[in-house]
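Undergrad: Please read through the structure below; I'll follow up with questions.
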Amino acid sequence: MSTLEDLNAGPGGLVGMINSLSRRFRPLSRRSVLVGAAVAGSALATNPRTYALRPVSAYASICGPGSTFDSGWTVFCCTINKGVNACPPGSFAAGWWKAADSSWCGNGYRYIVDCNASCSKCSTGCSDGICDSRCWSCSCGRGSSATCDQRRVCCNAFRYGQCNTQVKCSGGVHCRVVSCVAPYKWDNCTTTSLSDNRTAEHSAPCLPLWSQIEEKYVAMGAQASYLRASTGPLRSMGDGKGSYVRYQGGCIYYTSAHGAVAVSSFVYDRYADVGGPFGILGYPVADRTNGLGDRGWLQRFEKGAMTDSASTSTQVVTGIAYTMWANEGREGGHLGYPTASRTNTTGNGWIQTFQHGAITDSPSTTTQSVWGIRWSIWGQEGREGGHLGYPTAPRTNTTGNGWIQTFQHGAITDSPSTTTQIVGGSMYPGWVAAGRESGVLGFPEGALTVTSRGEYQHFQRGELWALGSGEAYRVYGAVLTQWKAAGGAAGTYGFPISDTVPTSSGQLTCTFENGTITA
Amino acid sequence: MSDNHGMGAKAPRGWTVEVRRLPGAEPPAPGARAVPPQEDVTRGVLHACTRPMPPDRGDFGTGVVELLGPDDVFVALVDYGTQVADQGLFEKQGVPRLAPSQFAPNRLQRPLPGLSASQHFFSSGGRGFCLFTVVGSHARRMASVARAEAFVRTLRITDRATMAREGGRP
């Protein structure tokens, strides 16, 4: 093979080899094989050491054709603007063109916007629309030697002319911004389209390559979205699972499990505070949902959610707390929006409070939610540090259309014919022993009352009495009637010292400090 | 005389002139009340050159200007539509006169060794245009700009009203 034609021609030539490769690795097209090979080849050519020795993508070192100063083309803005794919200060979008079939836009159109310098220092020489170069807001130079984008910075006195046409006179082209979305959708430009397909593969390492992330960005409107301009290239999270691109207004993460998901900069900052993808939330799994109740929003992550509303502050709910919150109907359920982050409590427990309740747990209990009136009462009683302790079960419906929620040392309960009451302390074991709300005593009808010698609590069909700090004993039925007639605890019999129990003859009997009543 | 999309020129001997409009949405019809959808609108572009032009060329001559010899000239008359006409960047009226003093090596989208260019935005007949001219040698611009100017004087632009009356979309 002595000529280029020889090299390319025939089945053994380059063309034949590419056709053969594309057939073998279907569904790869000939173009994909060529682009892939070109990418790798260009990467090796432009940055062989990095590409060969480090696990970077070939695109990471790709600038495409005409990347030198002498090529005449203008540098990409991200190269000279701290990675930001936007016009640098002092310059403005002055015109645009598009290039067809660009691999940087999924083989679609790529839009290139010239950012022209402003005539910030003087306004001489404006007769043909470009002021004298000494007036420009930037001066002619080349891109950093740290990148392959060595193109011209602020050298070319040219204007495409479809953007910001109210500016009669400008400086030269400072740098170029790119997008896969037409610039009239995100800047002050007209729809008049001009073309230059030779620029389709021009790029810089600081620009995101086409990926699911870029696809998502384009679907969101690219620069027209709240994300605005990219501030760096596609980067790997380094865990073999995720990748991301940062934008002025947020970030898009990609995982194969959840696809590309956008987070706003507001969410991003708080997400970073809790460790980002490697923290308590994991990767985002869905875009933020707006328009929830009370002007709220929520964004789901692998291990929970971040949420906020007009009446609350931004909070994170993770793990079992999120599962339970979701089961309770999330922000629209009994608990409402979270009002604080998860907090450690005494006894190695934790609690997360919500607008109308809390989710809590401890080493000796299971995760439970407390909401509504139970939340109010539990709070009044000192919550997990009070005499009820941690909840041990959810609110449960009982016989007689009542309900109960049990705690380590008591319960909160109610029924249609009673008011909400606590049964706690020494009363609780006595009530449980009596069969609780479905036993001989029924639902509590009043709160615990302390006397000089002990304490007692009224129930629908009887009473529990405890002498000093001792056990509580139940008194009910005919025995209760007779005992009350005799003055109760302050009368002849004094405090009960046993439970009221049925006798074999069908009567009830109870032993008191000073005697026994059988009735 | 090449005349299409409301622009034309009488090509001197040895010049190639082509007016084209790339695929894309047409400009909105004159007097259309409905707000047109936001999409890429292509308009007519006139290219003229003292040598044959490849079909795959940029609107501002990429692909052509690289081929220019020292005595060659390339001219692009680019239509920007009525929306921008008569104001701001397009405030000046009428096809400009070219002079060697307007030409400089950095007046191209992509400066290349030897080349020199000038760019003028203007309006004519209620339509906005850019006249972009490249000569193959900055050193020989005195002669080549005169040839370019002679060509530019043959340019004809149909005004907005006439174009609309004749069914065109200015």
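These protein sequence lines are chains Z and P, in that order. If you count the first sequence from 1, position 422 lands on 422 in the numbering used here, and the numbers rise without skipping. Plus 1000 on top of the position in the second sequence (first one is 1) and you've got the numbering used here. Glycine included, C-beta positions come from ideal geometry on N, C-alpha and C.
Could you tell me which chain P residues have their CB closer than 7 angstroms to the CB of Z/Cys155, listed as they occur along the chain?
TA: One-based indexing of the first sequence puts residue 155 of chain Z at position 155. Within chain P, the residues near Z/Cys155 are Asn1106.
Undergrad: How is the beta strand (DSSP E) around Z/Thr500 delimited, first residue to last?
TA: As a working mapping, residue 500 of chain Z is identified with position 500 in the first sequence. Segment: none, Z/Thr500 is in no beta strand (DSSP E) and carries neither H nor E.
Undergrad: Report the neighbours of Z/Tyr390 on chain P: residues whose CB is nearer than 7 angstroms to its CB, in chain order.
TA: What you label residue 390 of chain Z is simply residue 390 of the first sequence in a count that begins at 1. Chain P residues near Z/Tyr390: none, gap ~59 angstroms exceeds 7 angstroms.
Undergrad: Which one of Z/Gly108, Z/Thr367, Z/Cys138, Z/Trp378 has the shortest CA to CA distance from Z/Gly319?
TA: The count along the first sequence starts at 1 and reaches residue 319 of chain Z at position 319. Comparing Cα-Cα distances from Z/Gly319 to each of Z/Gly108, Z/Thr367, Z/Cys138, Z/Trp378, the minimum goes to Z/Thr367.
Undergrad: Listing by chain order, which chain Z residues have their CB less than 8 angstroms from the CB of P/His1120?
TA: Here residue 1120 of chain P refers to the residue found at position 120 when the second sequence is read from its first residue. Those within 8 angstroms of P/His1120 in chain Z are Asp128, Gly129.
Undergrad: So what does DSSP say about P/Met1027, is it helix, strand or coil?
TA: As a working mapping, residue 1027 of chain P is identified with position 27 in the second sequence. Inspection of the sequence shows that residue 1027 of chain P is occupied by Pro rather than by Met. Coil at P/Pro1027, not helix or strand.
Undergrad: Output yes if chain P places a C-beta closer than 8 angstroms to the C-beta of Z/Asn197; else output no.
TA: In the first sequence, counting from the first residue as 1, residue 197 of chain Z sits at position 197. Z/Asn197 counts as touching chain P.
Undergrad: Tell me the residue span of the alpha helix (DSSP H) that contains Z/Cys77.
TA: Stepping through the first sequence from its first residue, residue 77 of chain Z is reached at position 77. Taken as a continuous stretch (DSSP letters only), the alpha helix (DSSP H) holding Z/Cys77 covers 77 to 80.
Undergrad: Measuring alpha carbon to alpha carbon, tell me which residue in Z/Tyr456, Z/Ala260, Z/Val267 is nearest Z/Ala313.
TA: Here residue 313 of chain Z refers to the residue found at position 313 when the first sequence is read from its first residue. It is worth fixing the name first, because residue 313 of chain Z is Ser in this sequence and not Ala. Residue Z/Val267 is the option with its Cα nearest to Z/Ser313.
Undergrad: When the Cα atoms are used, what is the spatial distance from Z/Gly276 to Z/Gly282?
TA: What you label residue 276 of chain Z is simply residue 276 of the first sequence in a count that begins at 1. What you label residue 282 of chain Z is simply residue 282 of the first sequence in a count that begins at 1. Approximately 7 angstroms between the Cα atoms of the pair.
Undergrad: Would you kindly work out how many angstroms separate the C-alpha atoms of Z/Ser225 and Z/Cys119, rounded to a whole number?
TA: What you label residue 225 of chain Z is simply residue 225 of the first sequence in a count that begins at 1. What you label residue 119 of chain Z is simply residue 119 of the first sequence in a count that begins at 1. Their Cα atoms are separated by approximately 30 angstroms.
Undergrad: Does the beta-carbon of P/Met1001 have 16 or more other beta-carbons within 10 angstroms, so that it is buried, or is it exposed?
TA: Here residue 1001 of chain P is taken as the residue at index 1 of the second sequence, counted from 1. Below a pLDDT of 50, predicted positions are generally treated as unreliable, and P/Met1001, at 45, falls in that range; no measurement from the model is reported.
Undergrad: In angstroms, rounded to a whole number, what distance separates the CA positions of Z/Phe69 and Z/Ala272?
TA: Position 69 of the first sequence, counting from 1, holds the residue named residue 69 of chain Z. Position 272 of the first sequence, counting from 1, holds the residue named residue 272 of chain Z. About 39 angstroms.
Undergrad: For Z/Gly515, is the classification buried or exposed, using 16 other Cβ atoms within 10 angstroms of its Cβ as the cut-off for buried?
TA: The residue given as residue 515 of chain Z occupies position 515 in the first sequence. It counts as exposed.
Undergrad: Can you name the residues of chain Z whose CB is closer than 9 angstroms to the CB of P/Phe1074?
TA: Here residue 1074 of chain P refers to the residue found at position 74 of the second sequence. Near P/Phe1074 there are no residues of chain Z at all, since even the closest Cβ is about 14 angstroms away, more than 9 angstroms.
Undergrad: Could you check where the alpha helix (DSSP H) with Z/Leu508 kicks off and where it finishes?
TA: Translated into positions along the first sequence, residue 508 of chain Z becomes position 508. Where Z/Leu508 is concerned, there is no enclosing alpha helix (DSSP H), although the beta strand (DSSP E) it sits in stretches over 508 to 512.
Undergrad: Indicate whether at least one CB of chain Z lies closer than 8 angstroms to the CB of P/Leu1112.
TA: To locate residue 1112 of chain P, count along the second sequence from 1; it is residue 112. So, interface residue.
Undergrad: Which of helix, strand or coil does DSSP assign to P/Gln1119?
TA: Locating residue 1119 of chain P in the second sequence gives position 119, where the first residue counts as 1. It is a strand residue.
Undergrad: So, helix, strand or coil for P/Met1007, using DSSP?
TA: Along the second sequence, read from residue 1 onward, the residue named residue 1007 of chain P stands at position 7. The answer is strand: DSSP assigns P/Met1007 an E or B state.
Undergrad: Please name the residues in the region 1052 to 1076 of chain P whose beta-carbon is closer than 8 angstroms to at least one beta-carbon of chain Z, in chain order.
TA: Listed by position along the chain: Asp1056, Gly1058, Asp1059, Phe1060, Thr1062, Gly1063.
Undergrad: Are the C-beta of Z/Ser103 and some C-beta of chain P separated by less than 8 angstroms?
TA: Taking the first sequence and counting its residues from 1, the one referred to as residue 103 of chain Z is at position 103. Taking Cβ atoms only, chain P never reaches closer than 8 angstroms to Z/Ser103, which makes this a no.
Undergrad: Residues of chain P with CB under 8 angstroms from Z/Val181, in chain order?
TA: For this step, residue 181 of chain Z is matched to residue 181 along the first sequence. By Cβ distance, chain P contributes nothing, its closest Cβ being about 11 angstroms from Z/Val181, past 8 angstroms.
Undergrad: With DSSP as the reference, label Z/Gly424 as helix, strand or coil.
TA: Taking the first sequence and counting its residues from 1, one reaches residue 424 of chain Z at position 424. It is a strand residue.
Undergrad: Name the two residues that bound the continuous beta strand (DSSP E) containing Z/Phe92.
TA: As a working note, residue 92 of chain Z is residue 92 in the first sequence. Unbroken beta strand (DSSP E) run through Z/Phe92: 91 to 102.
Undergrad: State the start and end residues of the unbroken beta strand (DSSP E) segment that holds Z/Met306.
TA: Working through the first sequence from its first residue, we reach residue 306 of chain Z at position 306. From DSSP, the beta strand (DSSP E) with Z/Met306 extends over 304 to 308.
Undergrad: Which residue marks the beginning of the beta strand (DSSP E) containing P/Thr1162, and which one marks its end?
TA: If you number the second sequence from 1, residue 1162 of chain P lands on position 162. First-last for P/Thr1162: 1160 to 1165, but that is the alpha helix (DSSP H), not the beta strand (DSSP E).
Undergrad: So, with DSSP's three-state summary, where would you put Z/Asp294?
TA: On the first sequence, residue 294 of chain Z is found 294 positions in, with the first residue counted as 1. Helix at Z/Asp294.
Undergrad: Which residues of chain P have a Cβ atom closer than 8 angstroms to the Cβ of Z/Arg295, listed in chain order?
TA: Numbered from 1 along the first sequence, position 295 holds the residue referred to as residue 295 of chain Z. Within 8 angstroms Cβ-Cβ: nothing; Z/Arg295 doesn't reach chain P, min ~30 angstroms.
Undergrad: At the level of alpha carbons, what is the spacing between Z/Leu209 and Z/His202?
TA: Taking the first sequence and counting its residues from 1, one reaches residue 209 of chain Z at position 209. Taking the first sequence and counting its residues from 1, one reaches residue 202 of chain Z at position 202. The straight-line gap from Cα to Cα measures roughly 12 angstroms.
Undergrad: State the start and end residues of the unbroken alpha helix (DSSP H) segment that holds Z/Asn327.
TA: Along the first sequence, one-based indexing puts residue 327 of chain Z at 327. Counting along the chain, the alpha helix (DSSP H) containing Z/Asn327 begins and ends at 319 to 327.
Undergrad: Return helix, strand or coil for Z/Ser144, following the three-state DSSP convention.
TA: Counting from one through the first sequence, the residue named residue 144 of chain Z turns up at place 144. Z/Ser144: coil per DSSP, three-state reduction.
Undergrad: Which residues, in chain order, does the region 1084 to 1102 of chain P contribute to contact with chain Z at a C-beta distance below 7 angstroms?
TA: Cβ contacts with chain Z come from Val1084, Gly1088, Leu1089, Phe1090, Glu1091, Gln1102.
Undergrad: Below 7 angstroms between beta carbons is the criterion; list the residues of the region 100 to 124 of chain Z that meet it against any residue of chain P, in chain order.
TA: So the list is empty, because no residue satisfies the distance condition.
Undergrad: Taking contact to mean at least 3 C-beta pairs separated by less than 8 angstroms, is the region 1148 to 1163 of chain P in contact with the region 1003 to 1011 of chain P?
TA: Result yes; three or more Cβ-Cβ pairs closer than 8 angstroms.
Undergrad: Give the range of the beta strand (DSSP E) segment to which Z/Arg159 is assigned.
TA: Here residue 159 of chain Z refers to the residue found at position 159 of the first sequence. Element bounds for Z/Arg159: n/a, residue is neither H nor E.
Undergrad: Confirm, please, whether the CB-CB distance from Z/Gly72 to Z/Arg152 is below 8 angstroms.
TA: Locating residue 152 of chain Z in the first sequence gives position 152, counting from the first residue. Locating residue 72 of chain Z in the first sequence gives position 72, counting from the first residue. Taking 8 angstroms as the Cβ cut-off, Z/Arg152 and Z/Gly72 qualify as a contacting pair.
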